[in-house]
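Take the sequence shown: its position 33, counted from the start at 1, is 33 in the working numbering, and no numbers get skipped. All residues carry an ideal CB built from backbone N, CA and C; glycine is no exception. Model, not experiment: these values are computed from the prediction.
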Amino acid sequence: ADPHQDLPPVLLALDAQIEGTGPDGDFVRPLDDVLSGYYETTLGAGELITAVRIPPWAPGAVGGYTKTTARTVEDWPAAGVAVSVSTEDGVVLSAAVAVGAVTDRAERRPDAEAMLVGTRPTADQLADCAEAAADGLDYASDQFGGADYKQTVVRVSTRRLLERALIPS
Numbered sequence: 001a002d003p004h005q006d007l008p009p010v011l012l013a014l015d016a017q018i019e020g021t022g023p024d025g026d027f028v029r030p031l032d033d034v035l036s037g038y039y040e041t042t043l044g045a046g047e048l049i050t051a052v053r054i055p056p057w058a059p060g061a062v063g064g065y066t067k068t069t070a071r072t073v074e075d076w077p078a079a080g081v082a083v084s085v086s087t088e089d090g091v092v093l094s095a096a097v098a099v100g101a102v103t104d105r106a107e108r109r110p111d112a113e114a115m116l117v118g119t120r121p122t123a124d125q126l127a128d129c130a131e132a133a134a135d136g137l138d139y140a141s142d143q144f145g146g147a148d149y150k151q152t153v154v155r156v157s158t159r160r161l162l163e164r165a166l167i168p169s
């Protein structure tokens, strides 16, 4: 649940599920339901994560992750963005956009995702989608960057990742 780790937004974009065990037996939960805040999860007393499930990708699925750091690639990110999209004949069948390091937890951006599903995206549409991904977050300024900077990074990173995934070069 560390919001500055690379894996949470990637796993969210891949629809990862958490397998675990606890006093009430075994369980499977979507990662999005497990992450609750800054270094916080919804795991109960005595519950332990035993595995992470990542569903297989559909044919035509692509994705990517990018992080922006203040110093070196090994540094904690100021912002991390992950996308995963599945297409058939140029039409988006599914889309996932997740961000990390900008709020108190990694999170999916369902408004941005919904803008893509069922469409043949254009560059302008991807820019609008990136805007939706960046809007409405409670950005946290920290030593890695200010809130305005992080919002710009999320917008630009989302657009670039979606363009690479969806617009043939």
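- For A58, the closest C-alpha among the options D142, V92 and P168 is that of V92.
- In this model, G100 and A106 are separated by some 4 Å (Cα to Cα).
- Straight across, the Cα-Cα distance linking D142 with A96 is about 26 Å.
- In the DSSP assignment, D26 falls outside any alpha helix (DSSP H) and within the unbroken beta strand (DSSP E) covering G25 to P30.
- For Y139, no beta strand (DSSP E) run applies, since DSSP gives it neither H nor E.
- Rounded to the nearest angstrom, the gap between the Cα atoms of L166 and G46 is 43 Å.
- Counting the other Cβ atoms within 10 Å of the Cβ of V85 gives 16 or more, which makes it buried.
- Here the stretch 148-163 makes contact with the stretch 58-76; the two share three or more CB pairs at distances below 8 Å.
- Secondary structure of E131 (DSSP, three-state): helix.
- When DSSP states are grouped into helix, strand and coil, L11 belongs to the helix group.
- Between T41 and V52 the beta-carbon gap is near 13 Å, outside 8 Å, which marks them as no contact.
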